[in-house]
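Numbering (our numbering), first residue to last: 3 to 200.
All remarks here apply to the structure that follows.
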Amino acid sequence: MKDKPYLDQAIEIIASGGWIMIPLFILGFLAFYVAARLFLYFLKGHFGKTSLEVCEEWVKDSSKAKGQVGEIIRYSQDGVEDLSDIQNRFAEIRTAEMPRLNQNITMLTILVNTAPLMGLLGTVLGMLQTFYGISLGGSEKTTNIVASGIHEALITTQMGLCLAIPGYFVIYFLRQKVIDYESFLVRLESITLQQFRK
3 MKDKPYLDQA IEIIASGGWI MIPLFILGFL AFYVAARLFL YFLKGHFGKT
53 SLEVCEEWVK DSSKAKGQVG EIIRYSQDGV EDLSDIQNRF AEIRTAEMPR
103 LNQNITMLTI LVNTAPLMGL LGTVLGMLQT FYGISLGGSE KTTNIVASGI
153 HEALITTQMG LCLAIPGYFV IYFLRQKVID YESFLVRLES ITLQQFRK
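Put into C-alpha coordinates, the structure is as follows:
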(Lines of atoms letter the chains of each structure in order from A and count residues from 1; the text may use other names and numbers.)
(Lines give C-alpha, C1' and ligand atoms only; values in the text may rest on other atoms or scores of the structure.)
Protein backbone atom coordinates (compact mmCIF):
# COMPACT_ATOMS: atom_id res chain seq x y z
CA MET A 1 0.00 0.00 0.00
CA LYS A 2 2.98 2.31 0.58
CA ASP A 3 3.85 2.17 -3.13
CA LYS A 4 0.40 3.39 -4.20
CA PRO A 5 -0.27 7.08 -4.82
CA TYR A 6 -1.98 8.93 -1.97
CA LEU A 7 -5.21 9.38 -3.97
CA ASP A 8 -5.44 5.65 -4.69
CA GLN A 9 -4.88 4.89 -1.00
CA ALA A 10 -7.61 7.35 -0.01
CA ILE A 11 -10.08 5.85 -2.51
CA GLU A 12 -9.27 2.35 -1.27
CA ILE A 13 -9.81 3.35 2.36
CA ILE A 14 -13.10 5.10 1.56
CA ALA A 15 -14.31 2.13 -0.50
CA SER A 16 -13.60 -0.18 2.43
CA GLY A 17 -16.26 1.73 4.38
CA GLY A 18 -18.98 0.03 2.36
CA TRP A 19 -22.18 1.40 0.84
CA ILE A 20 -22.87 3.57 3.90
CA MET A 21 -20.12 5.92 2.68
CA ILE A 22 -22.39 7.01 -0.20
CA PRO A 23 -25.09 8.60 2.00
CA LEU A 24 -22.33 10.01 4.22
CA PHE A 25 -20.79 11.78 1.22
CA ILE A 26 -24.24 13.03 0.17
CA LEU A 27 -24.81 14.39 3.69
CA GLY A 28 -21.41 16.08 3.61
CA PHE A 29 -22.09 17.66 0.22
CA LEU A 30 -25.53 18.95 1.27
CA ALA A 31 -24.16 20.34 4.54
CA PHE A 32 -21.36 22.11 2.67
CA TYR A 33 -23.85 23.54 0.15
CA VAL A 34 -26.21 24.92 2.83
CA ALA A 35 -23.33 26.34 4.89
CA ALA A 36 -21.72 27.92 1.81
CA ARG A 37 -25.01 29.62 0.86
CA LEU A 38 -25.31 31.13 4.34
CA PHE A 39 -21.66 32.23 4.38
CA LEU A 40 -22.06 33.92 0.99
CA TYR A 41 -25.27 35.64 2.10
CA PHE A 42 -23.61 37.24 5.13
CA LEU A 43 -20.40 37.94 3.20
CA LYS A 44 -22.33 39.71 0.46
CA GLY A 45 -24.48 41.64 2.92
CA HIS A 46 -21.55 43.25 4.82
CA PHE A 47 -23.84 43.56 7.84
CA GLY A 48 -21.05 43.23 10.38
CA LYS A 49 -18.69 45.59 8.53
CA THR A 50 -21.13 48.51 8.21
CA SER A 51 -20.63 50.79 11.24
CA LEU A 52 -23.42 52.76 12.91
CA GLU A 53 -21.82 56.03 11.73
CA VAL A 54 -21.94 54.86 8.12
CA CYS A 55 -25.54 53.70 8.58
CA GLU A 56 -26.49 57.13 9.94
CA GLU A 57 -24.96 58.81 6.88
CA TRP A 58 -26.74 56.41 4.54
CA VAL A 59 -30.06 56.90 6.31
CA LYS A 60 -29.69 60.68 5.89
CA ASP A 61 -28.85 60.26 2.20
CA SER A 62 -30.03 56.87 0.92
CA SER A 63 -28.51 57.51 -2.53
CA LYS A 64 -25.06 56.93 -0.98
CA ALA A 65 -26.08 53.60 0.56
CA LYS A 66 -24.42 50.54 -0.96
CA GLY A 67 -25.06 46.83 -1.18
CA GLN A 68 -27.79 44.94 0.60
CA VAL A 69 -27.75 47.40 3.49
CA GLY A 70 -28.47 50.17 0.99
CA GLU A 71 -31.38 48.21 -0.44
CA ILE A 72 -32.85 47.82 3.05
CA ILE A 73 -32.44 51.53 3.81
CA ARG A 74 -34.04 52.62 0.54
CA TYR A 75 -36.91 50.16 0.95
CA SER A 76 -37.56 51.35 4.51
CA GLN A 77 -37.73 55.00 3.38
CA ASP A 78 -39.39 54.79 -0.04
CA GLY A 79 -42.85 56.38 0.09
CA VAL A 80 -43.23 56.29 3.89
CA GLU A 81 -45.48 58.87 5.52
CA ASP A 82 -45.14 58.20 9.23
CA LEU A 83 -43.22 56.15 11.79
CA SER A 84 -45.61 53.21 11.60
CA ASP A 85 -44.81 52.83 7.89
CA ILE A 86 -41.10 52.49 8.70
CA GLN A 87 -41.83 49.96 11.44
CA ASN A 88 -44.02 47.98 9.05
CA ARG A 89 -41.26 47.97 6.41
CA PHE A 90 -38.71 46.57 8.86
CA ALA A 91 -41.28 44.02 10.04
CA GLU A 92 -41.70 42.94 6.41
CA ILE A 93 -37.92 42.59 6.03
CA ARG A 94 -37.72 40.40 9.15
CA THR A 95 -40.67 38.32 7.99
CA ALA A 96 -39.03 37.79 4.60
CA GLU A 97 -35.46 37.12 5.80
CA MET A 98 -35.43 35.58 9.29
CA PRO A 99 -37.58 32.45 8.66
CA ARG A 100 -35.50 31.60 5.58
CA LEU A 101 -32.22 31.99 7.47
CA ASN A 102 -33.47 29.99 10.45
CA GLN A 103 -34.78 27.30 8.11
CA ASN A 104 -31.32 26.95 6.54
CA ILE A 105 -29.72 26.75 10.00
CA THR A 106 -32.23 24.05 10.99
CA MET A 107 -31.51 22.11 7.80
CA LEU A 108 -27.75 22.33 8.41
CA THR A 109 -28.23 21.18 12.02
CA ILE A 110 -30.23 18.14 10.89
CA LEU A 111 -27.58 17.20 8.32
CA VAL A 112 -24.72 17.56 10.81
CA ASN A 113 -26.58 15.62 13.53
CA THR A 114 -27.39 12.83 11.06
CA ALA A 115 -23.74 12.30 10.04
CA PRO A 116 -22.49 10.59 13.26
CA LEU A 117 -25.70 8.52 13.42
CA MET A 118 -25.09 7.35 9.86
CA GLY A 119 -21.51 6.56 10.87
CA LEU A 120 -22.85 4.57 13.82
CA LEU A 121 -25.10 2.61 11.46
CA GLY A 122 -22.00 1.79 9.42
CA THR A 123 -20.29 0.62 12.61
CA VAL A 124 -23.19 -1.72 13.39
CA LEU A 125 -23.16 -3.12 9.84
CA GLY A 126 -19.39 -3.59 10.03
CA MET A 127 -19.63 -5.43 13.36
CA LEU A 128 -22.39 -7.68 11.99
CA GLN A 129 -20.08 -8.58 9.12
CA THR A 130 -17.28 -9.23 11.62
CA PHE A 131 -19.43 -11.57 13.72
CA TYR A 132 -20.55 -13.35 10.56
CA GLY A 133 -16.91 -13.91 9.62
CA ILE A 134 -16.10 -15.25 13.10
CA SER A 135 -19.04 -17.67 12.91
CA LEU A 136 -17.60 -19.27 9.76
CA GLY A 137 -14.60 -20.64 11.64
CA GLY A 138 -10.89 -20.25 11.02
CA SER A 139 -9.83 -19.82 7.41
CA GLU A 140 -8.25 -17.21 5.17
CA LYS A 141 -11.70 -16.22 3.89
CA THR A 142 -12.90 -15.75 7.47
CA THR A 143 -9.92 -13.53 8.27
CA ASN A 144 -10.66 -11.34 5.26
CA ILE A 145 -14.35 -11.01 6.22
CA VAL A 146 -13.47 -10.11 9.82
CA ALA A 147 -10.85 -7.57 8.72
CA SER A 148 -13.26 -6.05 6.21
CA GLY A 149 -15.99 -5.76 8.85
CA ILE A 150 -13.69 -4.06 11.36
CA HIS A 151 -12.43 -1.70 8.66
CA GLU A 152 -16.00 -0.76 7.68
CA ALA A 153 -16.95 -0.19 11.32
CA LEU A 154 -14.01 2.16 11.96
CA ILE A 155 -14.05 4.09 8.67
CA THR A 156 -17.76 4.96 8.81
CA THR A 157 -17.49 6.14 12.41
CA GLN A 158 -14.47 8.26 11.55
CA MET A 159 -16.22 9.75 8.51
CA GLY A 160 -19.34 10.61 10.51
CA LEU A 161 -17.30 12.35 13.21
CA CYS A 162 -15.18 14.20 10.63
CA LEU A 163 -18.39 15.69 9.23
CA ALA A 164 -20.05 16.39 12.57
CA ILE A 165 -17.26 17.97 14.64
CA PRO A 166 -16.43 20.89 12.30
CA GLY A 167 -20.13 21.08 11.41
CA TYR A 168 -21.06 22.00 14.99
CA PHE A 169 -18.56 24.88 14.96
CA VAL A 170 -19.96 26.11 11.63
CA ILE A 171 -23.53 25.97 13.00
CA TYR A 172 -22.52 27.98 16.08
CA PHE A 173 -20.79 30.59 13.93
CA LEU A 174 -23.75 30.93 11.55
CA ARG A 175 -26.25 31.14 14.40
CA GLN A 176 -24.24 34.03 15.81
CA LYS A 177 -24.34 35.66 12.37
CA VAL A 178 -28.14 35.36 12.29
CA ILE A 179 -28.38 36.91 15.78
CA ASP A 180 -26.01 39.71 14.73
CA TYR A 181 -28.07 40.33 11.59
CA GLU A 182 -31.28 40.58 13.61
CA SER A 183 -29.59 43.01 16.03
CA PHE A 184 -28.32 45.01 13.06
CA LEU A 185 -31.87 45.37 11.71
CA VAL A 186 -33.06 46.60 15.11
CA ARG A 187 -30.29 49.22 15.25
CA LEU A 188 -30.92 50.28 11.66
CA GLU A 189 -34.64 50.62 12.36
CA SER A 190 -33.88 52.77 15.41
CA ILE A 191 -31.56 55.04 13.39
CA THR A 192 -34.17 55.37 10.62
CA LEU A 193 -36.93 56.24 13.10
CA GLN A 194 -34.72 58.84 14.81
CA GLN A 195 -33.90 60.43 11.46
CA PHE A 196 -37.57 60.49 10.45
CA ARG A 197 -38.53 62.26 13.71
CA LYS A 198 -36.16 65.16 12.97
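All C-beta atoms, glycine included, are put in the ideal place defined by N, C-alpha and C.
Our two residues, residue 123 and residue 175, have alpha carbons roughly 28 Å apart in a direct line.
For residue 87, the enclosing alpha helix (DSSP H) starts and ends at 85-137.
Per DSSP, residue 68 lies in no alpha helix (DSSP H) and is assigned neither H nor E. Residue environment for residue 78: buried (at least 16 other C-beta atoms within 10 angstroms of its C-beta). By the neighbour-count criterion, in which 16 or more other beta carbons inside 10 Å mark a residue as buried, residue 17 falls on the exposed side. When 104, 36, 90, 24 are compared, the shortest CA-CA separation from residue 192 is found for 90. Three or more Cβ pairs closer than 8 Å define a contact, and the stretch 179-187 falls short of that threshold against the stretch 110-118. Cβ-Cβ distances below 6 Å link residue 82 to 88 in the same chain, with the five nearest sequence neighbours on each side left out; the list follows chain order. In the DSSP annotation of this structure, residue 22 is not part of any alpha helix (DSSP H), being labelled neither H nor E.
Taking all protein chains shown into account, residue 61 has 16 or more neighbouring C-beta atoms within 10 Å of its C-beta and is therefore buried. Excluding residues up to 5 positions away in sequence, 85, 88 lie with their Cβ nearer than 7 Å to the Cβ of residue 198 in the same chain. Separation of the CB atoms of residue 120 and residue 29 is rounded to 6 Å, and the pair is thereby assigned contact status at 8 Å.
Separation of residue 159 and residue 118 (C-alpha to C-alpha, rounded to the nearest whole angstrom) is 7 Å. Residue burial annotation: residue 36 is buried, with at least 16 other C-beta atoms found within 10 angstroms of its C-beta. In this structure, residue 155 places its C-beta atom within 7 Å of the C-beta atom of residue 128. Put simply, the backbone Cα of residue 105 is about 25 Å away from that of residue 75. With contacts defined by Cβ atoms closer than 7 Å, residue 44 and residue 186 do not form a contacting pair. Measuring C-alpha to C-alpha distances from residue 19 to each of 73, 26, 96, 157 identifies 157 as the nearest.
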